[in-house]
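Each step along the sequence shown adds one to the number in the working numbering, with nothing skipped, and position 260 is 261. No residue lacks a Cβ here, since even glycine has one placed at the ideal position from N, Cα and C. Working notes, structure below.
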Amino acid sequence: MRRPFVRVLALAAAAAAIPLVSSATPAAADVVIGGYPAEISKSPWTVALSSRDLFGGTRAGQFCGGVVVGRSTVLTAAHCLSEAVLGAPPERIRDLKVIAGRGDLLSTAGQEIPVRSVWVNPDYDSYTNAGDFAVLTLASSLPESSVIPMAAAGDPAYQPGTEAVVYGWGDITGAGDYARSLHAARVTVMADAVCEEAYPGNTDGTYKSASMVCAGERAGGRDACQGDSGGPLVAQGKVIGLVSWGTGCGLAGSPGVYTRVSYIVRTVS
Ligand code: ARG
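As structure tokens, then:
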């Protein structure tokens, strides 16, 4: 559930030093749920968004994921930068950083790069969750080898049945167990009709195929979860989605919903 998580984060923001505490999402079996530890060197485009001022230092301030799509350009979810999550407009978060090249949040590997500017999609709709993306410009560049291509409209990677992998440092049980190191889970891209049927519209959101793509397993079990938002869904060597929302985590009949990257390509170009 998206809203309780936002409330938890807002509380953490108010208390200034409390790390991500347990979410209201009920535990699901094998809920990056149903995943495996991933090596950052093999997915160098996966980054963590951090603010120790807001979220405390125990997990390096990680509160969302992101994906490197240009040497100084990172995509993340719009809702990660909402006032509900940050308690203030993003420009006011002095220590907003992107952590690159660090799988284990408690290590000193890789680099922490300050965010120079933030652009939140003005068409993001926090009620349906449509258009859930933002663009971060970094204060310094990453190597070209950290950049992953974006899948444009019509790319075969969007076809239902495509095998994809989602990456993040979020909840690995559905009970508020935030990962210390990067995890990944294999999920299958689903048909828009399946996603529309799963999410015709409730308080969690409404599936809108123009700006969303959904993925999971019919039986549930493998999914993204709270804390993974903004991170990449990758298929055929390209990023096709950003973790956005879902009802619970890894539940049968409730696939994970992602911001469709081809919508982003269309919106920003
Ligand atoms: N909104 C969550 C976040 O901020 C992501 C939830 C994804 N849920 C899912 N079942 N795929 O981290």
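Does residue i pass the burial test, meaning 16 or more other C-beta atoms within 10 Å, or should it be called exposed?
i	result
A16	Caution applies to A16, whose pLDDT of 32 falls short of 50 and renders its modelled position unreliable; the value that the coordinates give is listed next. Exposed.
S83	buried
P256	buried
Q160	exposed
N122	buried
T138	exposed
L107	exposed
T47	buried
D124	exposed
T174	buried
Between which two residues does the beta strand (DSSP E) harbouring residue i extend?
i	result
T74	T74 to T77
L87	Note, L87: premise wrong, no beta strand (DSSP E); alpha helix (DSSP H) at E84 to L87.
C226	Here C226 belongs to no beta strand (DSSP E), and DSSP marks it neither H nor E.
R95	Looking at the DSSP string, R95 is not in any beta strand (DSSP E), and its letter there is neither H nor E.
L50	T47 to S51
A176	Run containing A176: none; DSSP gives neither H nor E here.
Within this structure, are the beta carbons of residue i and residue j separated by less than 8 angstroms?
i	j	result
G247	D224	yes
S210	T260	no
A131	Y37	no
G222	T189	no
V235	I94	no
I265	L76	yes
Q283	D172	Lying outside 2 to 270, the shown extent of the chain, residue 283 is not represented and no answer is given.
What are the boundary residues of the alpha helix (DSSP H) that residue i is part of?
i	result
S263	V262 to V269
A199	D193 to A199
R219	No alpha helix (DSSP H) contains R219, which DSSP labels as neither H nor E.
List the whole-angstrom C-beta distance separating residue i from residue j, where the pair is believed to meet the contact cut-off of C-beta under 8 angstroms.
i	j	result
A101	I114	6 angstroms
R103	I41	6 angstroms
A49	L243	Rounded, the Cβ-Cβ distance is 14 angstroms, inconsistent with contact.
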